[in-house]
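> Please find one structure pasted underneath; my questions will follow.
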Amino acid sequence: MFVLTEKSTTILTKWAEDMVKKNKEGIQGWSVSGVDNTTYQVHDFNSGGIVNLREKNCSCRYWQLTGLPCGHMIMVLTHLKNDHCGHMAIDAYKFETYQRTYEKAIFPLSELSDWEVPDYLMVVNPPVMEIRQAGRPKNTNRIPSQGEEPKIRRCSRCHDTTHNVRKCKEIVPKKQSKSKKRIGVSGSGTKATEEEPTVRTSMAAATRQPMDTTV
1 MFVLTEKSTT ILTKWAEDMV KKNKEGIQGW SVSGVDNTTY QVHDFNSGGI
51 VNLREKNCSC RYWQLTGLPC GHMIMVLTHL KNDHCGHMAI DAYKFETYQR
101 TYEKAIFPLS ELSDWEVPDY LMVVNPPVME IRQAGRPKNT NRIPSQGEEP
151 KIRRCSRCHD TTHNVRKCKE IVPKKQSKSK KRIGVSGSGT KATEEEPTVR
201 TSMAAATRQP MDTTV
């Protein structure tokens with residue numbers, strides 16, 4: 001059940017009044033010097049602020065951004081013997097506006113199954129977002145140097161410019177086997193080639209032949 005209080009002792013709502021009191025607690029030790037009848041300079045412990053009561057603005061911009069009186073404006077009103085600064089806030093924070101907003105009854109929504117959804121409504125899907133690739137993006141806005149020509153990429157197999165070697169459909173040529181030569185150093189100081197094992201084999205066979213012992 002919604003219950004709204006019809007009377008309030010302050011101009012602002014409870015939340016806005018608490019915010020103003022919080023700003024008022026931080027002005028202890030500040031001083032004010034007048035510039036003209038509507039403009040005042042407030043000296044705080046930092047950069048200070050220039051308050052214009054006619055234009056309803058302050059150089060700290062808290063008043064313009066939030067719509068609530070800042071500490072500089074509260075200090076000026078205190079200097080002018082005016083402790084009621086609720087009228088300097090925008091109407092959205094005033095209790096009268098809050099009361100007019102909720103003066104009519106707010107009925108709850110029915111169940112989702114009871115809703116009447118027209119058939120002509122179009123379903124709008126969220127936009128497709130591009131997935132950013134890993135790494136640093138390429139700079140495509142670089143101005144080419146004078147006389148610079150674009151590099152043509154070719155397939156390393158068939159030298160075609162329409163694809164690379166991974167997508168090449170040409171037959172892979174067979175590699176020709178090369179005879180390996182083992183180069184080493186023999187006992188006599190000469191180089192031994194791959195014919196050396198044959199010579200060693202014939203010498204080993206000669207040593208294994210039986211000796212003639214006939215007298």
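Numbering (my numbering), first residue to last: 1 to 215. For every residue, glycine included, the Cβ atom is placed at its ideal position computed from N, Cα and C.
#1: Which residues in the same chain as cysteine 158 place their Cβ atom closer than 7 Å to its Cβ, once the five residues preceding and following it in sequence are excluded?
#2: How many whole angstroms separate the CB atoms of glycine 48 and valine 42, which I take to be in contact at a CB cut-off of 8 Å?
#3: Report buried or exposed for glycine 187, applying the criterion of at least 16 other Cβ atoms within 10 angstroms of its Cβ.
#4: From glutamate 25 to histidine 72, what distance separates their C-alpha atoms?
#5: Using the Cβ count rule (16 or more neighbours within 10 Å means buried), how would you classify asparagine 23?
#6: Does threonine 39 come out as helix, strand or coil in the three-state DSSP assignment?
#7: Identify which residue in Ile90, Thr39 and Cys60 has its Cα closest to the Cα of glutamate 17.
#8: Indicate whether the contact test is met: 3 or more Cβ pairs, each with one atom in the segment 96-105 and one in the segment 49-64, closer than 8 Å.
#9: Kindly indicate the opening and closing residues of the alpha helix (DSSP H) around valine 20.
#10: Residues in its own chain within less than 7 Å of glycine 67 by CB, not counting five upstream and five downstream?
Based on what the coordinates show:
#1: Cys168 and Glu170
#2: About 6 Å separates the two Cβ atoms, so the contact holds.
#3: With a pLDDT of 48 at glycine 187, under the threshold of 50, the modelled position of that residue is not reliable, and the figure given next carries that caveat. With fewer than 16 Cβ atoms within 10 Å of its Cβ, glycine 187 is classed as exposed.
#4: Each residue's Cα considered, the two are about 12 Å apart.
#5: buried
#6: Of the three classes helix, strand and coil, the one that applies to threonine 39 here is strand, per DSSP.
#7: When only C-alpha atoms are compared, the closest one is Ile90.
#8: no
#9: 14-24
#10: Ala89, Ile90, Ala92 and Tyr93
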